[in-house]
Amino acid sequence: MALGSKLATALPFLFLAARINANSSITAFNLTAISAFNNASILECWQITLPLTISQTAGIQGAAVQQLGNVSSMVWSSLPGGFAGSPHPAPSVQYNVILSGTLHVTIPNSSQEVTVVSGKRSLLIAADTANVSRTGHISSLLGKEQGTSLMIPTANNEIPPHKVIHAGACGKRDLEL
123 MALGSKLATA
133 LPFLFLAARI
143 NANSSITAFN
153 LTAISAFNNA
163 SILECWQITL
173 PLTISQTAGI
183 QGAAVQQLGN
193 VSSMVWSSLP
203 GGFAGSPHPA
213 PSVQYNVILS
223 GTLHVTIPNS
233 SQEVTVVSGK
243 RSLLIAADTA
253 NVSRTGHISS
263 LLGKEQGTSL
273 MIPTANNEIP
283 PHKVIHAGAC
293 GKRDLEL
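Counting in the working numbering, the sequence shown runs without a single skipped number right up to 299 at its last residue.
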């Protein structure tokens with residue numbers, strides 16, 4: 123059984139946990155979304171509206187836990203440094219976690235772009251599937267470092283419950299954990 127299948131079987135839903143201490147409180151979970159409007163891909167800053175809770179589970183007690191919805195599988199990907207992508211829609215509605223490298227996403231015929239550096243702010247969602255976007259987006263790697271990521275399609279291509287915080291990619295302040 124592939125790693126992705128094992129993880130998808132073991133985890134019926136995807137969640138993110140962040141430690142909370144006395145000086146911080148996480149009240150919302152935001153991420154950059156590649157979505158679509160009028161058949162063209164766009165970037166938006168989304169806030170997931172599924173409940174954000176404080177875990178009582180042993181081992182992660184006190185952690186903020188954000189459910190992100192059901193997932194169907196998990197794929198690990200590796201691209202060479204300097205990879206220059208071409209326009210494409212998302213193959214499915216999917217979360218992308220940048221594990222290493224620096225991803226640069228641009229939107230054709232637009233000035234919208236986002237640079238995602240691996241680390242705690244490296245989760246985004248691609249929802250610009252072919253049925254809603256003719257233009258797609260372009261994913262490239264900056265620098266010489268190899269890029270690795272996890273691509274995690276949602277179950278049944280479902281877009282998670284969310285509200286749009288603003289047009290364009292989330293800024294650093296939007297992504298504070």
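Idealized CB from N, CA, C, for every residue including glycine.
Item: Less than 9 Å between the C-beta atoms of L174 and Q188, yes or no?; Value: yes
Item: Apply the 10 Å Cβ neighbour rule to Q216 and answer buried if 16 or more other Cβ atoms are within range, or exposed otherwise.; Value: buried
Item: So V219 is in the beta strand (DSSP E); what residue range does that whole segment cover?; Value: Q216 to S222
Item: By the three-class DSSP mapping on this structure, what secondary structure does L297 have?; Value: coil
Item: Near I220, which residues of its chain fall below 6 Å by C-beta distance, leaving aside the five closest residues on each side in sequence?; Value: V238, S240, S244 and S271
Item: Return the chain-ordered list of same chain residues with a C-beta closer than 7 Å to the C-beta of T171, the five sequence neighbours on each side being excluded.; Value: P283, H284 and K285
Item: Taking C-beta to C-beta, are C167 and T149 nearer than 9 Å?; Value: no
Item: Consult DSSP for A206 and reduce its assignment to one of helix, strand or coil.; Value: coil
Item: Determine the closest residue to N161 out of P275, N278 and P211, with distance taken between C-alpha atoms.; Value: P211
Item: Distance check for M196 and Q190, CA to CA, integer angstroms please.; Value: According to the sequence displayed, residue 190 carries Leu and not Gln. Approximately 14 Å between the Cα atoms of the pair.
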